[in-house]
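Residues 1 to 215 (the UniProt record's numbering) make up the sequence shown, in order.
Heads up, the thing below is written out as C-alpha coordinates.
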Amino acid sequence: MESSVDSKRNQSSNGAYGEDILSNLPVRAGLNLFNDELVKYQGFWFPGIIVEGILRAQRHFQANSSDIFLCTAPKTGTTWMKTLTFAIVLRTTTCNHCNPLLSKSPQDLLRNLITKDPENPLIPTHIPFSYLPKSVSDPSSSWYWKASLDQPDKVLFLKYEEMKEDTAFYVAKLAGFIGYGFTSEEKRDGVVEKIVRMCSFDHLRNLEVNKNGKF
1 MESSVDSKRN QSSNGAYGED ILSNLPVRAG LNLFNDELVK YQGFWFPGII
51 VEGILRAQRH FQANSSDIFL CTAPKTGTTW MKTLTFAIVL RTTTCNHCNP
101 LLSKSPQDLL RNLITKDPEN PLIPTHIPFS YLPKSVSDPS SSWYWKASLD
151 QPDKVLFLKY EEMKEDTAFY VAKLAGFIGY GFTSEEKRDG VVEKIVRMCS
201 FDHLRNLEVN KNGKF
(Lines of atoms letter the chains of each structure in order from A; the text may use other names.)
(Lines give C-alpha, C1' and ligand atoms only; values in the text may rest on other atoms or scores of the structure.)
Protein backbone atom coordinates (compact mmCIF):
# COMPACT_ATOMS: atom_id res chain seq x y z
CA MET A 1 0.00 0.00 0.00
CA GLU A 2 1.41 3.37 -1.01
CA SER A 3 2.08 6.02 1.65
CA SER A 4 0.03 9.20 1.61
CA VAL A 5 3.19 11.09 0.67
CA ASP A 6 3.50 9.06 -2.52
CA SER A 7 2.51 10.87 -5.65
CA LYS A 8 2.78 10.60 -9.38
CA ARG A 9 5.75 12.28 -10.95
CA ASN A 10 4.51 15.40 -12.75
CA GLN A 11 7.17 17.09 -14.86
CA SER A 12 7.05 19.34 -17.87
CA SER A 13 8.81 18.14 -20.97
CA ASN A 14 12.54 18.82 -20.71
CA GLY A 15 13.93 16.29 -23.13
CA ALA A 16 15.13 13.96 -20.37
CA TYR A 17 15.75 10.38 -21.40
CA GLY A 18 12.85 8.06 -20.57
CA GLU A 19 10.60 10.91 -19.47
CA ASP A 20 7.57 8.99 -20.71
CA ILE A 21 8.30 6.42 -17.99
CA LEU A 22 9.60 8.86 -15.38
CA SER A 23 6.50 11.05 -15.55
CA ASN A 24 4.31 8.16 -14.38
CA LEU A 25 6.41 6.83 -11.51
CA PRO A 26 5.43 7.30 -7.83
CA VAL A 27 7.62 9.76 -5.92
CA ARG A 28 8.08 10.69 -2.28
CA ALA A 29 10.22 13.06 -0.31
CA GLY A 30 13.06 11.47 1.56
CA LEU A 31 16.54 12.04 2.89
CA ASN A 32 19.25 10.43 0.79
CA LEU A 33 22.82 10.97 -0.32
CA PHE A 34 21.74 13.04 -3.32
CA ASN A 35 19.32 15.36 -1.47
CA ASP A 36 16.73 14.35 -4.04
CA GLU A 37 13.22 12.93 -4.11
CA LEU A 38 12.84 9.16 -4.16
CA VAL A 39 11.31 7.52 -7.21
CA LYS A 40 9.75 4.05 -7.15
CA TYR A 41 10.82 1.99 -10.15
CA GLN A 42 10.04 -1.72 -10.47
CA GLY A 43 9.32 -2.05 -6.75
CA PHE A 44 12.46 -0.28 -5.49
CA TRP A 45 12.94 3.32 -4.29
CA PHE A 46 15.81 5.13 -6.02
CA PRO A 47 17.07 8.74 -5.78
CA GLY A 48 15.43 10.55 -8.67
CA ILE A 49 18.67 11.37 -10.47
CA ILE A 50 19.55 7.68 -10.62
CA VAL A 51 16.47 6.38 -12.42
CA GLU A 52 17.17 8.01 -15.79
CA GLY A 53 20.59 6.35 -15.90
CA ILE A 54 19.06 2.98 -14.98
CA LEU A 55 16.57 3.30 -17.84
CA ARG A 56 19.29 4.19 -20.31
CA ALA A 57 21.50 1.31 -19.18
CA GLN A 58 18.66 -1.21 -19.28
CA ARG A 59 17.76 -0.21 -22.82
CA HIS A 60 21.17 0.19 -24.40
CA PHE A 61 24.01 -1.33 -22.39
CA GLN A 62 25.53 -4.53 -23.78
CA ALA A 63 27.89 -6.44 -21.53
CA ASN A 64 31.19 -7.79 -22.80
CA SER A 65 32.74 -11.01 -21.55
CA SER A 66 35.67 -8.99 -20.18
CA ASP A 67 33.53 -6.60 -18.10
CA ILE A 68 34.07 -6.64 -14.33
CA PHE A 69 31.21 -5.19 -12.28
CA LEU A 70 31.84 -3.79 -8.80
CA CYS A 71 28.37 -3.79 -7.23
CA THR A 72 27.94 -2.24 -3.80
CA ALA A 73 25.48 -0.34 -1.67
CA PRO A 74 26.50 3.31 -1.13
CA LYS A 75 28.94 3.95 1.72
CA THR A 76 30.02 0.32 2.12
CA GLY A 77 33.67 0.54 1.08
CA THR A 78 32.97 1.23 -2.59
CA THR A 79 35.95 3.54 -3.15
CA TRP A 80 38.28 1.07 -1.44
CA MET A 81 37.00 -1.77 -3.65
CA LYS A 82 37.43 0.40 -6.76
CA THR A 83 41.00 1.19 -5.75
CA LEU A 84 41.95 -2.42 -4.98
CA THR A 85 40.47 -3.76 -8.21
CA PHE A 86 41.99 -1.00 -10.33
CA ALA A 87 45.42 -1.67 -8.81
CA ILE A 88 45.06 -5.42 -9.45
CA VAL A 89 44.04 -5.04 -13.09
CA LEU A 90 46.61 -2.40 -14.00
CA ARG A 91 49.57 -3.72 -12.02
CA THR A 92 51.36 -5.13 -15.10
CA THR A 93 50.93 -2.01 -17.24
CA THR A 94 51.91 0.76 -14.81
CA CYS A 95 54.94 1.30 -12.60
CA ASN A 96 54.56 2.06 -8.91
CA HIS A 97 55.53 5.74 -9.09
CA CYS A 98 53.32 6.50 -12.13
CA ASN A 99 50.19 4.62 -11.06
CA PRO A 100 47.11 6.76 -11.90
CA LEU A 101 45.79 6.16 -8.38
CA LEU A 102 48.54 8.44 -7.06
CA SER A 103 47.19 11.47 -8.91
CA LYS A 104 43.51 10.76 -9.61
CA SER A 105 40.49 9.64 -7.64
CA PRO A 106 39.03 6.21 -8.50
CA GLN A 107 35.80 8.05 -9.38
CA ASP A 108 37.67 9.69 -12.25
CA LEU A 109 39.33 6.48 -13.42
CA LEU A 110 36.42 4.05 -13.64
CA ARG A 111 33.59 4.23 -16.15
CA ASN A 112 29.94 3.47 -15.49
CA LEU A 113 27.10 1.62 -17.19
CA ILE A 114 26.65 4.47 -19.68
CA THR A 115 30.22 5.32 -20.69
CA LYS A 116 32.53 2.88 -22.42
CA ASP A 117 36.28 2.46 -22.01
CA PRO A 118 37.59 -0.54 -23.98
CA GLU A 119 40.92 -0.44 -22.13
CA ASN A 120 39.36 -0.58 -18.67
CA PRO A 121 36.97 -3.48 -17.90
CA LEU A 122 35.93 -2.19 -14.46
CA ILE A 123 32.36 -0.89 -14.04
CA PRO A 124 31.21 0.24 -10.57
CA THR A 125 27.49 0.46 -9.79
CA HIS A 126 25.07 0.75 -6.87
CA ILE A 127 22.19 -0.72 -8.89
CA PRO A 128 20.64 -3.86 -7.30
CA PHE A 129 21.41 -7.06 -9.23
CA SER A 130 17.89 -7.57 -10.55
CA TYR A 131 17.85 -4.05 -12.07
CA LEU A 132 21.03 -4.42 -14.11
CA PRO A 133 20.64 -4.71 -17.90
CA LYS A 134 19.50 -8.18 -18.98
CA SER A 135 22.83 -8.79 -20.72
CA VAL A 136 24.40 -8.62 -17.25
CA SER A 137 21.81 -10.16 -14.94
CA ASP A 138 20.54 -13.14 -16.96
CA PRO A 139 19.60 -15.59 -15.61
CA SER A 140 17.44 -13.53 -13.27
CA SER A 141 18.84 -14.00 -9.77
CA SER A 142 17.20 -11.72 -7.23
CA TRP A 143 20.13 -10.76 -5.01
CA TYR A 144 23.91 -10.80 -5.23
CA TRP A 145 24.30 -13.39 -2.46
CA LYS A 146 21.90 -15.78 -4.16
CA ALA A 147 23.59 -15.04 -7.47
CA SER A 148 26.99 -15.90 -5.99
CA LEU A 149 25.61 -19.29 -4.91
CA ASP A 150 23.89 -19.96 -8.23
CA GLN A 151 26.76 -18.70 -10.39
CA PRO A 152 29.98 -18.92 -8.33
CA ASP A 153 32.10 -18.53 -11.45
CA LYS A 154 30.35 -15.26 -12.33
CA VAL A 155 29.54 -13.57 -9.00
CA LEU A 156 31.94 -13.17 -6.06
CA PHE A 157 30.33 -11.97 -2.83
CA LEU A 158 32.73 -10.08 -0.54
CA LYS A 159 32.09 -8.72 2.96
CA TYR A 160 33.71 -5.49 4.10
CA GLU A 161 34.44 -6.75 7.62
CA GLU A 162 36.17 -9.88 6.32
CA MET A 163 38.22 -7.91 3.81
CA LYS A 164 39.40 -5.56 6.56
CA GLU A 165 40.36 -8.55 8.72
CA ASP A 166 42.56 -10.22 6.08
CA THR A 167 42.94 -7.84 3.14
CA ALA A 168 45.86 -9.64 1.48
CA PHE A 169 43.95 -12.93 1.34
CA TYR A 170 40.90 -11.34 -0.27
CA VAL A 171 42.98 -9.28 -2.70
CA ALA A 172 44.53 -12.53 -3.94
CA LYS A 173 41.09 -14.18 -4.07
CA LEU A 174 39.61 -11.23 -5.97
CA ALA A 175 42.50 -11.17 -8.43
CA GLY A 176 42.10 -14.86 -9.22
CA PHE A 177 38.34 -14.54 -9.61
CA ILE A 178 38.50 -11.72 -12.17
CA GLY A 179 41.24 -13.43 -14.19
CA TYR A 180 44.21 -11.39 -12.95
CA GLY A 181 45.69 -13.89 -10.50
CA PHE A 182 49.12 -13.30 -9.01
CA THR A 183 52.02 -15.42 -10.23
CA SER A 184 54.32 -17.26 -7.83
CA GLU A 185 57.02 -14.69 -8.59
CA GLU A 186 54.67 -11.80 -7.78
CA LYS A 187 53.75 -13.43 -4.48
CA ARG A 188 57.43 -13.90 -3.60
CA ASP A 189 58.12 -10.27 -4.49
CA GLY A 190 55.35 -9.08 -2.19
CA VAL A 191 53.16 -7.59 -4.93
CA VAL A 192 49.98 -8.47 -3.03
CA GLU A 193 51.19 -6.68 0.08
CA LYS A 194 52.31 -3.66 -1.98
CA ILE A 195 48.81 -3.32 -3.44
CA VAL A 196 47.27 -3.62 0.03
CA ARG A 197 49.54 -0.85 1.35
CA MET A 198 48.98 1.43 -1.66
CA CYS A 199 45.19 1.07 -1.31
CA SER A 200 45.07 1.37 2.47
CA PHE A 201 42.94 4.11 3.99
CA ASP A 202 45.97 5.76 5.58
CA HIS A 203 47.79 5.94 2.26
CA LEU A 204 44.76 7.09 0.27
CA ARG A 205 43.79 9.86 2.67
CA ASN A 206 47.31 11.32 2.54
CA LEU A 207 47.43 11.63 -1.24
CA GLU A 208 47.24 15.21 -2.48
CA VAL A 209 44.34 14.44 -4.82
CA ASN A 210 42.26 13.25 -1.87
CA LYS A 211 43.19 16.18 0.37
CA ASN A 212 42.18 18.86 -2.11
CA GLY A 213 39.77 17.14 -4.50
CA LYS A 214 36.51 15.29 -4.24
CA PHE A 215 36.94 11.68 -3.19
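The beta-carbon is built from N, C-alpha and C at its ideal position, and this holds for glycine as well.
Just so it is clear, the structure is predicted and the values come from calculations on it, not from any experiment.
In the DSSP assignment, no residue is bridged to Pro152. Residue pairing of Tyr41 in beta bridges, as defined by DSSP: Phe44. Looking at Ala147, Val192 and Phe182, the one whose alpha-carbon comes closest to that of Asp166 is Val192. The Cβ atoms of Leu174 and Leu149 lie no closer than 8 Å to each other. The C-beta distance from Phe46 to Leu38 rounds to 7 Å, short enough to fall under 8 Å.
Across the set Val27, Ile178, Lys164 and Gln42, the C-alpha of Gln42 shows the shortest separation from the C-alpha of Gln58. Put simply, the backbone Cα of Leu84 is about 14 Å away from that of Cys71. The C-alpha of Gln62 lies about 13 Å from the C-alpha of Phe69. Classified as buried, Ile50 has 16 or more neighbouring CB atoms from the shown chains inside 10 Å of its CB. Per DSSP, reduced to three states, the secondary structure at Tyr180 is coil, with no helix or strand assignment.
Between Lys40 and Lys146, the alpha-carbon positions lie close to 23 Å from each other. Contact between Ala87 and Met198 holds: their C-beta atoms lie close to 6 Å from each other, under 8 Å.
Counted as a single uninterrupted DSSP element, the alpha helix (DSSP H) harbouring Asp202 occupies residues Phe201 to Arg205. Per DSSP, reduced to three states, the secondary structure at Thr78 is helical. Assignment of Asp166 by DSSP, reduced to helix, strand and coil, places it in the coil class. Residues of the same chain with a CB within less than 7 Å of the CB of Ala168, apart from the 5 flanking positions on each side, are Val192, Glu193 and Val196 in chain order.
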